[in-house]
DNA sequence: TCAAGATTTAGAATAATTCTAAATTTTAGG
DNA sequence: CCTAAAATTTAGAATTATTCTAAATCTTGA
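Residue numbers (my numbering), protein chains in the order written: chain A, 72 to 216; chain B, 72 to 216.
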């Protein structure tokens, strides 16, 4: 099932953009859609390629602009897992990223109540945190054995 | 007090390099020393600049080579906090990184027993994890208020 | 003492991101 | 509806970060 129908997601997007002082634009919607439609933590480059399918004239600079706007609106997270390109993730629930150092796959695992509580050092005002778990995914672990 | 005296750190370095299939070299020692001497999570560029003070002929490619070797030997961690340059950290204890989005300062906070337990998804073989906490450091939080 | 393999080096090449300036779009006010 | 101001988009240049390459140098073990 595709998250295609208008209204809900789109309203959310418009509202959040507005709150952040940004305008709604078709490009921002397109970029957000790309992230929602395939949640494989794409890089900006990959988002660009996918967005071009529906919007052939979109430019790389715009993709970065859109991604940055979405990040500032708390609709999308930036994820840094390795040297090189940043990835983007539209899942705003508390979760960790599991990264396979062998094949590069990334997946989310929700953080439930008791797991992962970070210390609160005096005076530091926490905005958010990112947990990246490195290792071998089930498939690669099996192959290596 | 500087961690200058030979033997201990140096032995550890030699041993770890050996285990990882690497040779001990003065450059690797120098790069490791730079990381130990000022634990402010420098980028490769910063390591390069500092290393050159004691070893003017060292090259950037060597700095990367040394950092990579140290990372593979579990003597150093790579830390990705923002878009852009990777940082390096010689603290191998379990800890989180607190990053001030305003001024860019980074500091470590040890993870004590009860804090931060990541889920163990079936089949995934965890190698290590990185926790990055974003927000405002005490100083910047104060100024903003 | 020598050959093989590892490491270093400078510089070129590539990749990722940011910047720039002009064109376009959108918005609010009249 | 019309217009000026502000935001956004665009292509391409510029910058930054990292990787690659090939030649020179250093180990190391036979």
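Beta carbons: idealized from backbone N, C-alpha and C, even for Gly.
On a predicted model such as this, the values are computed, not experimentally measured, just so you know.
Between the CA atoms of residue j and residue i - distance to the nearest angstrom
i, j, result
"residue 164 (chain B)", "residue 146 (chain B)", "10 Å"
"residue 228 (chain A)", "residue 106 (chain A)", "In the structure displayed, chain A extends from 72 to 216; residue 228 (chain A) sits before or after that span and is not available."
"residue 213 (chain A)", "residue 180 (chain A)", "20 Å"
"residue 202 (chain A)", "residue 196 (chain A)", "18 Å"
"residue 123 (chain A)", "residue 108 (chain A)", "14 Å"
"residue 178 (chain A)", "residue 160 (chain A)", "10 Å"
"residue 153 (chain B)", "residue 167 (chain B)", "15 Å"
"residue 131 (chain B)", "residue 110 (chain B)", "20 Å"
"residue 172 (chain B)", "residue 205 (chain B)", "6 Å"
"residue 140 (chain A)", "residue 80 (chain B)", "46 Å"
"residue 121 (chain B)", "residue 200 (chain B)", "28 Å"
"residue 189 (chain A)", "residue 188 (chain B)", "9 Å"
"residue 129 (chain A)", "residue 119 (chain B)", "39 Å"
"residue 117 (chain A)", "residue 137 (chain A)", "14 Å"
"residue 170 (chain A)", "residue 162 (chain B)", "22 Å"
"residue 148 (chain A)", "residue 192 (chain A)", "23 Å"
"residue 89 (chain B)", "residue 182 (chain A)", "38 Å"
"residue 198 (chain A)", "residue 198 (chain B)", "27 Å"
Own chain partners of residue i with C-beta closer than 7 Å, once the 5 adjacent residues on each side are dropped
i, result
"residue 215 (chain B)", "207"
"residue 133 (chain B)", "98"
"residue 75 (chain A)", "For residue 75 (chain A), the predicted model reports a pLDDT of 37, less than 50, meaning its position is unreliable and no value from the coordinates is stated."
"residue 156 (chain A)", "114, 115 and 116"
"residue 82 (chain A)", "none"
Short CB-CB distance (under 8 Å) between residue i and chain A
i, result
"residue 142 (chain B)", "no"
"residue 106 (chain B)", "no"
"residue 147 (chain B)", "no"
"residue 24 (chain B)", "Outside the shown range of chain B (72 to 216) lies residue 24 (chain B), about which nothing can therefore be said."
"residue 180 (chain B)", "yes"
"residue 151 (chain B)", "yes"
"residue 111 (chain B)", "no"
"residue 97 (chain B)", "no"
"residue 90 (chain B)", "no"
"residue 189 (chain B)", "yes"
Contact set for residue i: own chain, Cβ-Cβ below 6 Å, skip 5 residues either direction
i, result
"residue 158 (chain A)", "112, 114 and 150"
"residue 87 (chain B)", "144 and 146"
"residue 174 (chain B)", "211"
"residue 126 (chain B)", "101"
"residue 176 (chain A)", "208"
Cβ-based neighbour list, residue i, same chain, cut-off 8 Å, excluding 5 preceding and 5 following
i, result
"residue 143 (chain B)", "91 and 93"
"residue 209 (chain A)", "none"
"residue 84 (chain A)", "95, 99, 100, 103 and 146"
"residue 194 (chain B)", "none"
"residue 135 (chain B)", "115"
C-beta neighbour in chain B for residue i, strict 8 Å
i, result
"residue 205 (chain A)", "yes"
"residue 214 (chain A)", "no"
"residue 154 (chain A)", "yes"
"residue 160 (chain A)", "no"
"residue 174 (chain A)", "no"
"residue 102 (chain A)", "no"
"residue 201 (chain A)", "yes"
"residue 157 (chain A)", "yes"
(message) Please give the ranges of any beta strand (DSSP E) in the stretch 108 to 158 of chain A, keeping only runs that are unbroken, at least 3 residues long and fully inside the region.
(response) 148 to 150
(request) Select from the stretch 116 to 140 of chain B all residues with a C-beta closer than 8 Å to any C-beta belonging to chain A, and list them in chain order. (result) none
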